[in-house]
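Engineer: Under the UniProt record's numbering, the sequence shown is numbered contiguously, ending at residue 332. Have a look at the structure that comes next, please.
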Amino acid sequence: MMDPKIKALFLDEYSEEGAARYGVNPEELTFIGGFQNFIYSYCRKDRRYILRFTPSTLRSLDGVSAELEWVRYLARHELSVSVPVNSMEGKPFEQIDGREISFYASSFTYAPGRRIGYPECLGNPSLYEQCGRITGRLHELSRSYRPTGACKRHTWEKNEYLLRAEDYLPQDHQPILQALQEMKLELARLPETPEQFGLIHGDINAGNFTIDEAGEMTLFDFDECQYSWYTEDIAIQLYYLLYVFGEDSKLERKEQYELFMKHFERGYTEDCRQMPRNWKEQLELFLRLRDIIVLVGMHRSWNLGQPDDWTRDFLQDSWKRITNGKSLIDGF
Numbered sequence: 001m002m003d004p005k006i007k008a009l010f011l012d013e014y015s016e017e018g019a020a021r022y023g024v025n026p027e028e029l030t031f032i033g034g035f036q037n038f039i040y041s042y043c044r045k046d047r048r049y050i051l052r053f054t055p056s057t058l059r060s061l062d063g064v065s066a067e068l069e070w071v072r073y074l075a076r077h078e079l080s081v082s083v084p085v086n087s088m089e090g091k092p093f094e095q096i097d098g099r100e101i102s103f104y105a106s107s108f109t110y111a112p113g114r115r116i117g118y119p120e121c122l123g124n125p126s127l128y129e130q131c132g133r134i135t136g137r138l139h140e141l142s143r144s145y146r147p148t149g150a151c152k153r154h155t156w157e158k159n160e161y162l163l164r165a166e167d168y169l170p171q172d173h174q175p176i177l178q179a180l181q182e183m184k185l186e187l188a189r190l191p192e193t194p195e196q197f198g199l200i201h202g203d204i205n206a207g208n209f210t211i212d213e214a215g216e217m218t219l220f221d222f223d224e225c226q227y228s229w230y231t232e233d234i235a236i237q238l239y240y241l242l243y244v245f246g247e248d249s250k251l252e253r254k255e256q257y258e259l260f261m262k263h264f265e266r267g268y269t270e271d272c273r274q275m276p277r278n279w280k281e282q283l284e285l286f287l288r289l290r291d292i293i294v295l296v297g298m299h300r301s302w303n304l305g306q307p308d309d310w311t312r313d314f315l316q317d318s319w320k321r322i323t324n325g326k327s328l329i330d331g332f
């Protein structure tokens, strides 16, 4: 869900102006959702495209510019991604000035194929191998990537969920904030060598890629890209395959973990690529980090006053793991 405060600031006239900047009739826009951004689709010459509006409270002008440059670099090097499209004036994105905040409008080709959601993504060796393959290639390209301009994406410690955790969490969540501070110290001690650290996607999950009829995977939504350890990109994918299994389903969680590890590594190491150094040792740490980020995100965007059964159980399990320094794979 979108942050209610930001949602209230996004007026119809902003989407209309953004559409015009890309030569699109506002009536041709179809709103398709978005967790942090406002996402629309439109068609041109029988092809579908995305029109995204990013609040200036979420990303800076330089941050959006750096994201789009990174995605274009990946596309030029034949990684299958949703490619940025210039505006009518040839700009990589357009700034729409609102009454209180601005919104950055950017457009992308629509990823071909279909998404593989729950439960189809679970217990899927072929999918995990493809995830490993595209992640490995992305990290390989990251090692050689050098931004051409002055704009550069943020590093891990400036992730919004870490910076603003205290703003989003209730006052009785001080133990979570304490765990976060301790985790930041652990992360700061990790080596930042080229074999381990670089520009990552930051949010690879079943909602951010498609599979076409030929089995080709296309990545999109690089809005969370940041400089971090490559293991974080792996841990995020694993997390969203495991968090659906509660504490009463640890056997299923373990089986899912083992299946993912085997086939993801097989895909990642194709073409003689090496896994990130010390990735297995770091995996639990980044799974714990993702637990905190998800918890903060839920409190930021959801009304948790009367959670459903799954959400209630997840919040309880997550609290226990975070405050006890445990991860979803603890004991495996």
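Idealized CB from N, CA, C, for every residue including glycine.
For the beta strand (DSSP E) that Leu287 lies in, which residues bound it at each end?
Structural biologist: Segment 279-301 is the alpha helix (DSSP H) holding Leu287; no beta strand (DSSP E) there.
Engineer: Taking buried to mean at least 16 other C-beta atoms within 10 Å of its own C-beta, is residue 333 buried or exposed?
Structural biologist: A question about residue 333 goes unanswered here, because the residues of the chain that appear run from 1 up to 332.
Engineer: When the distance is taken between beta carbons, is Val296 closer than 8 Å to Ala165?
Structural biologist: Taking 8 Å as the Cβ cut-off, Ala165 and Val296 qualify as a contacting pair.
Engineer: Keeping to the same chain, check which residues put their C-beta closer than 7 Å to that of Arg48; ignore five residues upstream and five downstream.
Structural biologist: Cβ within range, chain order: Ser41, Tyr110.
Engineer: Thinking just about the alpha-carbon of each residue, which of Gln282, Phe332, Asn303, Trp229 is nearest to the one in Glu255?
Structural biologist: It is Phe332 whose Cα lies nearest to the Cα of Glu255.
Engineer: DSSP on Gly198, reduced to helix/strand/coil?
Structural biologist: Of the three classes helix, strand and coil, the one that applies to Gly198 here is strand, per DSSP.
Engineer: DSSP three-state call for Ala20: helix, strand or coil?
Structural biologist: Helix at Ala20.
Engineer: For Ala105, list the residues DSSP reports as bridge partners.
Structural biologist: In DSSP, Ala105 forms a bridge with Phe53, Glu94.
Engineer: Which residues bound the beta strand (DSSP E) around Tyr40?
Structural biologist: 38-44 is the extent of the beta strand (DSSP E) around Tyr40.
Engineer: May I ask you to report which of helix, strand or coil DSSP gives Phe31?
Structural biologist: Of the three classes helix, strand and coil, the one that applies to Phe31 here is strand, per DSSP.
Engineer: Looking at Ala75 and Pro147, is the spacing between their C-beta atoms short of 8 Å?
Structural biologist: Contact: no.
Engineer: According to DSSP, what are the bridge partners of Arg48?
Structural biologist: Beta-bridge pairing links Arg48 to Cys43.
Engineer: What does a CB cutoff of less than 8 Å around Asp330 pick up in its chain, not counting 5 residues either side in sequence?
Structural biologist: So the qualifying residues of the chain are Glu284, Arg321.
Engineer: Would DSSP call Met217 helix, strand or coil?
Structural biologist: It is a strand residue.
Engineer: What residue from Thr193, Pro194, Arg288, Leu219 has the CA that sits closest to His201's CA?
Structural biologist: Ranking the options by Cα distance to His201, first place goes to Leu219.
Engineer: Name the two residues that bound the continuous alpha helix (DSSP H) containing Trp70.
Structural biologist: Segment 61-76, the alpha helix (DSSP H) holding Trp70.
Engineer: How many angstroms separate the CA atom of Cys151 from the CA atom of Glu157?
Structural biologist: Each residue's Cα considered, the two are about 18 Å apart.
Engineer: Let me know if Trp229 comes out buried or exposed under the rule of 16 or more other beta-carbons within 10 Å of its beta-carbon.
Structural biologist: The residue is buried, with at least 16 neighbouring Cβ atoms inside 10 Å.
Engineer: Go ahead and label Cys121 buried or exposed: buried means 16 or more other beta carbons lie within 10 angstroms of its beta carbon, across all protein chains shown.
Structural biologist: Cys121 should be labelled buried.
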